[in-house]
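No gaps in the numbering here: position 219 of the sequence shown is 218 in numbering that gives the first Met the number 0, and each next residue is one more.
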Amino acid sequence: MTENQSDVNSGVNRPFGRILLCNDDGIDAVGLKVLRAIANSLSDDVWVVAPVQNHSGASRSITLRRDVEIKEVAHQEFSVSGTPADCIIFAVNKILDRRPDLVLSGVNHGMNVGDDVLYSGTVAAAMEATLAGIPAIALSQQGGRENREEYQVADAHGASLVQHLWNSGWTDRLVPNVNFPKGDPDTIKGMMVSTTDLHKFGDIIEEGATAGHFRLGPLISNPDANPGSDRAAIRDGWIAMTPLGMDLTAHQHISEFKPLSF
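Rendered as structure tokens:
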């Protein structure tokens, strides 16, 4: 039995050291304030390094060929004029005097489930930390926007869920992707370990404000959730936790391809 497993079985909470917070909605986002409250309840050494502006959909992009501005906006809180992945890179290599013990990314405005995880800057920040060898969790709130009340479930259950995952531990190069359902926190059944749903059918293109300009509208989504998936767990009143792997190789399909020699 590992030390982590012993802690879980005995009900002992592992202590937290330094926690670094990031997001993709910007440093002024309501969800980041929710995440700070969660982190402050777990540690007395909390840092924030987040983008100046909203970078939803940025995925794992990094800023190349232009300068990135870093500003200290409050004690142990910094804004970065780059992407969520940039924030982690600069936090670890420039801003912090030592590495964090845990990175929390979010709480995102809206879910990051199914095919959305490939676009998500929230997930990307957690993955960038994982690349650096730092445990990281991505957290998102269904329906969350600018009203703190929309984050009731994350507010109520976020700290205990992070503590539970921290006690359990997880394998290197793995990112727990957490999605909180909306609604009354007292009706939430718990956390369900789920798969990533396959739900994107297509995209909607909308006319822009000026002729010749366009923007992406909401994606065309499957109304039905696949059994055992993150979307199904949320629909049924569970907090969904999907372990995401950093290795994108489809190992089970390697044998389907024949090598080619020249």
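The beta-carbon is built from N, C-alpha and C at its ideal position, and this holds for glycine as well.
Query raised in the report: Taking the DSSP output, what are the residues bridged to Thr194?
Result: In the DSSP assignment, the residues bridged to Thr194 are Ser228.
**Report entry** Residue interval of the beta strand (DSSP E) (run including Glu205)
**Finding:** Counting along the chain, the beta strand (DSSP E) containing Glu205 begins and ends at Ile204 to Glu206.
Requested in this report: Rank Ala224, Pro180, Glu205 and Asp223 by C-alpha distance to the C-alpha of Leu215 and give the top, closest one.
Outcome: With distances taken between Cα atoms, Leu215 lies closest to Glu205.
Requested in this report: List the endpoints of the continuous alpha helix (DSSP H) containing Arg35.
Outcome: For Arg35, the enclosing alpha helix (DSSP H) covers residues Val29 to Asn39.
Report task. Leaving out five residues on either side along the sequence, give the residues of the same chain with a beta carbon under 6 Å from the beta carbon of Ser40. Result -> Around Ser40, the same chain offers Ala158 as residues with beta carbons nearer than 6 Å, after the five sequence neighbours per side are excluded.
Query - For Lys93, three-class secondary structure by DSSP - result: When secondary structure is reduced to three states using DSSP, Lys93 falls in the helix class.
Requested in this report: Would you give the residue range spanned by the beta strand (DSSP E) that Thr241 belongs to?
Outcome: Unbroken beta strand (DSSP E) run through Thr241: Ile238 to Gly244.
Query raised in the report: For Leu215, which three-state DSSP category applies?
Result: Leu215: strand per DSSP, three-state reduction.
**Report entry** Buried/exposed call for Asn111, threshold 16 Cβ in 10 Å
**Finding:** The residue is buried, with at least 16 neighbouring Cβ atoms inside 10 Å.
**Report entry** Cα-Cα separation, Gln141 to Asp183
**Finding:** Whole-angstrom Cα-Cα distance: 12 Å.
**Report entry** Spatially closest choice to Asp66 from Phe89, His108, Asn107 and Arg147, by CA coordinates
**Finding:** Comparing Cα positions, the closest option is Phe89.
Query raised in the report: How many Å lie between Ile136 and Glu71 at the Cα?
Result: Spanning the two alpha carbons is a distance of roughly 24 Å.
Query raised in the report: If you draw a straight line from the C-alpha of Phe179 to the C-alpha of His156, how long is it?
Result: Spanning the alpha carbons of Phe179 and His156 requires a straight line of approximately 9 Å.
Query - Pair within 9 Å by beta-carbon distance, Asn176 and Thr195 - result: The Cβ-Cβ distance between Asn176 and Thr195 falls below 9 Å.
**Report entry** Buried/exposed call for Ser254, threshold 16 Cβ in 10 Å
**Finding:** Exposed: under 16 other Cβ atoms inside 10 Å.
Query - Same chain, Cβ closer than 7 Å to Ser9, neighbours up to 5 away in sequence not counted - result: In this predicted model, Ser9 has a pLDDT of only 45, less than 50, meaning its place in the structure is not dependable; the value taken from the coordinates is given anyway. Cβ within range, chain order: n/a, list empty.
**Report entry** Sufficient close CB pairs (3 or more, under 8 Å) joining the stretch 122 to 135 to the stretch 231 to 241
**Finding:** Touching, no.
Query raised in the report: Where do the ends of the beta strand (DSSP E) carrying Ala137 lie?
Result: Ala137 -> beta strand (DSSP E) spans Ala135 to Gln140.
Query raised in the report: In its own chain, which residues sit with a C-beta less than 6 Å from the C-beta of Lys181, not counting the 5 before and 5 after it?
Result: Hits under 6 Å: Gln141 and Gly142.
Query raised in the report: Are the beta-carbon atoms of Asp23 and His54 separated by less than 9 Å?
Result: It is a contact, given that the beta carbons lie within the stated cut-off.
Query raised in the report: Which one of Val116, Gln251, Val174 and Ile187 has the shortest CA to CA distance from Gln151?
Result: Closest option to Gln151, Cα to Cα, is Ile187.
Report task. Helix, strand or coil for Ala49, going by three-state DSSP, please let me know. Result -> Strand, per DSSP.
**Report entry** Candidates Met190, Ser78, Gly236 and Thr82: closest to Phe118 by CA position
**Finding:** According to the sequence shown, residue 118 is Tyr rather than Phe. For Tyr118, the nearest C-alpha among the options comes from Thr82.
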